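Numbering (our numbering), first residue to last: 56 to 508.
By construction, the Cβ of each residue, glycine as well, lies at the ideal position given by its N, Cα and C atoms.
For clarity, every value in this text was computed on a predicted model and none was experimentally measured.
These notes are about the structure you will find just below.
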Ligand code: SF4
Ligand code: SF4
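The following block contains the structure:
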């Protein structure tokens, strides 16, 4: 048993060493040596543009996007600076990447010539709508949004200040594509299903919702919400959520968390759904083998009850790791790459070191149910803070409790604790999976208003 606990401790140690040694090599930066060609003053700030020549003739000019956007636009993991080349009539002729901190798989797609060339020959009359005149890359929404917004603002400012043509103001509503609207409607339906299923304690609906969310938010839209969205929001960088789908997802998650608690975690997070379904599958295989062979197979031995007990013993310590991770991600944004969401649904384009990292997380979550959610997920921790003040929550009715502790054993996030000789549900940890209600009885564990406490 001591040996197994040591193995678990080593696992955590390896993950942390991996993260901290990678922080310095995760980002990719390309520097551009600046030279001054010409500038204009805008609000007393010089904005530089550089003339391009061919046979001593001016053929056009280029700018650095970081100086020409109205506000600071960030990507998934930091600043993006593009060198945008224009013809003399203000049409985009070329785009080069000077600086970006996105993960390689995003950089590979979004910053490739193949992707950026779709902007060539566009000017201030173009719409720049992702999903319509500009193709988006699913799974790299934040980076695509950021790049699109940067180019859009630069083109308009170049026309306003250099070309001198009247800027065509585009109505925000015009910049929403039909596909975005359809996606967003599906999202609303998914949230409705989860609310309905939770309130009416429908086990089957939970599994259906989890399967749909894996396909819809996971496979099709590469991972659902990320702590990166929250981080950008906290840093007042709204570009990453300016897209109506992401904005709706963001708002729906926050609103449902404020009303119910961590509904997103228990019903809609695609990664949470994958690890829970894998764990359930493991359990199913265990039972099947036991039936045919009449003895316990190795799976059961791996999930050592003593280790589970030991994890529970130090639970109150381990569950603070995720809050600690929030702080370090806020200080060092590139550490957002610890989130496995982006790798699992983008596996073919994930670097091998991240695939190994993902496999480690998956294996440990197959052995110990929802271990990532319990101890490591920064998004889950953030939502946990919100659910502390949620309007409704699950409560064990003490007068009906016989202290059989079935609910405590069955809870996938160890959210049921003993306090003052009573079993209580910790809102910050409860993911509203309803497993306790289904095993103990809905009359014993009820959804109550917070004020009724
Ligand atoms: S804790 Fe994180 S991974 Fe788990 S369900 Fe919530 S958001 Fe998803
Ligand atoms: S307390 Fe109940 S509803 Fe909450 S996570 Fe545990 S089993 Fe699920």
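Item to check | Nearest candidate by alpha-carbon position, reference residue 252, set 396, 318, 398 and 198 | outcome: In the chain shown, counting from the first residue as 1, residue 252 sits at position 197. For the residues 396, 318, 398 and 198, the minimum Cα distance to residue 252 belongs to 318.
Item to check | Supposed close pair residue 377, residue 433 - CB separation, criterion 8 Å | outcome: Along the chain shown, one-based indexing puts residue 377 at 322. Along the chain shown, one-based indexing puts residue 433 at 378. About 6 Å separates the two Cβ atoms, so the contact holds.
Item to check | residue 372, enclosing alpha helix (DSSP H) - first and last residue | outcome: Position 317 of the chain shown, counted from the start, is the residue given in the question as residue 372. Note, residue 372: alpha helix (DSSP H), 370-373.
Checklist entry - Using 8 Å as the threshold, is the region 401-412 in touch with the region 328-344, meaning 3 or more CB pairs across them? => result Below 8 Å, too few C-beta pairs join the region 401-412 and the region 328-344 to call them touching: fewer than three.
Next on the checklist: Which residues neighbour ligand 1 when neighbourhood means a C-beta less than 6 Å away from any of its non-hydrogen atoms? List them by chain order.
Outcome noted: Qualifying residues come out as 320, 324, 326, 327, 427, 428, 432, 434 and 435.
Item to check | Separation of residue 487 from residue 453, as counted between CA atoms | outcome: Mapped onto the chain shown, residue 453 falls at position 398. Mapped onto the chain shown, residue 487 falls at position 432. Distance between the alpha carbons of residue 453 and residue 487: 19 Å.
Next on the checklist: Between residue 487 and ligand 2, is there a pair consisting of the residue's CB and a ligand heavy atom that are separated by less than 6 Å?
Outcome noted: The residue given as residue 487 occupies position 432 in the chain shown. Of the heavy atoms belonging to ligand 2, at least one sits nearer than 6 Å to the Cβ of residue 487.
Checklist entry - Three-state secondary structure (DSSP) at residue 156? => result Counting from 1 along the chain shown, the entry for residue 156 is found at position 101. Of the three classes helix, strand and coil, the one that applies to residue 156 here is coil, per DSSP.
Next on the checklist: Helix, strand or coil, according to DSSP, for residue 350 in the structure here?
Outcome noted: The residue labelled residue 350 in the question sits at position 295 within the chain shown. Because the pLDDT of residue 350 is 45, which lies under 50, any placement of that residue in the model is unreliable, and the number read from its coordinates should be weighed accordingly. When DSSP states are grouped into helix, strand and coil, residue 350 belongs to the coil group.
Checklist entry - When you compare only the Cα positions, how much space is there between residue 107 and residue 115? => result Here the question's residue 107 lines up with position 52 in the chain shown. Here the question's residue 115 lines up with position 60 in the chain shown. Rounded to whole angstroms, residue 107 and residue 115 show a C-alpha spacing of 5 Å.
Checklist entry - Does the region 429-446 touch the region 489-501, meaning 3 or more C-beta pairs lie closer than 8 Å? => result Between the region 489-501 and the region 429-446 there are fewer than three inter-stretch CB-CB distances shorter than 8 Å, so the stretches are not counted as touching.
Checklist entry - Taking 6 Å as the line, does the beta carbon of residue 463 fall inside it for any heavy atom of ligand 2? => result Sequence index remark: in the chain shown, residue 463 carries index 408 (1-based). Residue 463 Cβ: outside cutoff for every heavy atom of ligand 2.
Item to check | residue 330 burial status per 10 Å Cβ neighbour count (16 or more: buried) | outcome: Taking the chain shown and counting its residues from 1, the one referred to as residue 330 is at position 275. By the 10 Å Cβ count, residue 330 comes out buried.
Checklist entry - If you pair each beta-carbon of the region 441-450 with each one of the region 459-469, do three or more pairs fall below 8 Å? => result No: fewer than three Cβ pairs fall under 8 Å.
Next on the checklist: Three or more C-beta pairs under 8 Å: does that hold for the region 127-137 against the region 201-208?
Outcome noted: By the Cβ test, the region 127-137 is in contact with the region 201-208, since at least three Cβ pairs between them sit closer than 8 Å.
Item to check | Of the listed residues 283, 313 and 472, nearest to residue 395 (C-alpha basis) | outcome: Working through the chain shown from its first residue, we reach residue 395 at position 340. Out of 283, 313 and 472, 283 has the C-alpha closest to the C-alpha of residue 395.
Checklist entry - Measuring CB to CB, does residue 195 end up less than 7 Å from residue 269? => result Working through the chain shown from its first residue, we reach residue 195 at position 140. Working through the chain shown from its first residue, we reach residue 269 at position 214. No, the Cβ-Cβ distance between residue 195 and residue 269 is not below 7 Å.
Checklist entry - Any chance the region 177-187 sits against the region 141-157, with 3 or more Cβ pairs inside 8 Å? => result Segments in contact, yes.
Checklist entry - Could you give the distance in angstroms between the alpha-carbon of residue 467 and the alpha-carbon of residue 261? => result Within the chain shown, the letter at position 412 stands for residue 467. Within the chain shown, the letter at position 206 stands for residue 261. The C-alpha of residue 261 is placed about 15 Å away from the C-alpha of residue 467.
Checklist entry - So does residue 470 have its beta carbon nearer than 6 Å to some heavy atom of ligand 2? => result Sequence index remark: in the chain shown, residue 470 carries index 415 (1-based). Flag set: Cβ of residue 470 near ligand 2.
Checklist entry - Taking Cβ positions, are residue 383 and residue 390 nearer each other than 7 Å? => result Here residue 383 corresponds to residue number 328 of the chain shown, with the count starting at 1. Here residue 390 corresponds to residue number 335 of the chain shown, with the count starting at 1. In terms of Cβ geometry, residue 383 and residue 390 form a close pair [threshold 7 Å].
Item to check | DSSP-derived helix/strand/coil call for residue 498 | outcome: In the chain shown, residue 498 corresponds to position 443, counting from 1. Of the three classes helix, strand and coil, the one that applies to residue 498 here is coil, per DSSP.
Checklist entry - Which stretch, first to last residue, makes up the beta strand (DSSP E) that contains residue 114? => result Counting from one through the chain shown, the residue named residue 114 turns up at place 59. If you look at residue 114, you'll find it in the beta strand (DSSP E) that goes 112-119.
Next on the checklist: Rounded to the nearest angstrom, what separates residue 152 and residue 246 at their Cα positions?
Outcome noted: Counting from 1 along the chain shown, the entry for residue 152 is found at position 97. Counting from 1 along the chain shown, the entry for residue 246 is found at position 191. Straight-line spacing of the CA atoms in residue 152 and residue 246 works out to 38 Å.
Checklist entry - Between residue 466 and ligand 2, is the CB less than 6 Å from at least one heavy atom? => result Taking the chain shown and counting its residues from 1, the one referred to as residue 466 is at position 411. Yes, ligand 2 has a heavy atom inside 6 Å of this Cβ.
Item to check | Pairwise C-alpha distance: residue 482 and residue 470 | outcome: The sequence position of residue 470 within the chain shown is 415, counting from 1. The sequence position of residue 482 within the chain shown is 427, counting from 1. Our two residues, residue 470 and residue 482, have alpha carbons roughly 7 Å apart in a direct line.
Next on the checklist: Please tell me whether, using a cut-off of 6 Å, the distance from the CB of residue 364 to the nearest non-hydrogen atom of ligand 2 is below it.
Outcome noted: Counting from one through the chain shown, the residue named residue 364 turns up at place 309. No, the beta carbon of residue 364 sits no closer than 6 Å to any heavy atom of ligand 2.
Item to check | Expected contact under 8 Å - CB spacing of residue 501 and residue 445 to nearest Å | outcome: Here residue 501 refers to the residue found at position 446 of the chain shown. Here residue 445 refers to the residue found at position 390 of the chain shown. Contact flag wrong, Cβ pair sits at about 15 Å.
Checklist entry - What are the boundary residues of the alpha helix (DSSP H) that includes residue 286? => result Here residue 286 is taken as the residue at index 231 of the chain shown, counted from 1. In the DSSP annotation of this structure, the continuous segment of the alpha helix (DSSP H) that includes residue 286 starts and ends at 282-289.
Next on the checklist: Going residue by residue through the region 377-403, where are the continuous beta strand (DSSP E) segments of at least 3 residues, counting only ones entirely within it?
Outcome noted: Within the region 377-403, no beta strand (DSSP E) run of at least 3 residues lies entirely inside it.
Item to check | Backbone CA spacing between residue 186 and residue 272 [nearest angstrom] | outcome: Locating residue 186 in the chain shown gives position 131, counting from the first residue. Locating residue 272 in the chain shown gives position 217, counting from the first residue. Cα-Cα distance, rounded: 17 Å.
Checklist entry - Excluding five sequence neighbours on each side, which residues of the same chain lie with their C-beta closer than 7 Å to the C-beta of residue 191? => result Here residue 191 is taken as the residue at index 136 of the chain shown, counted from 1. Answer for residue 191: 185 and 199, listed in chain order.
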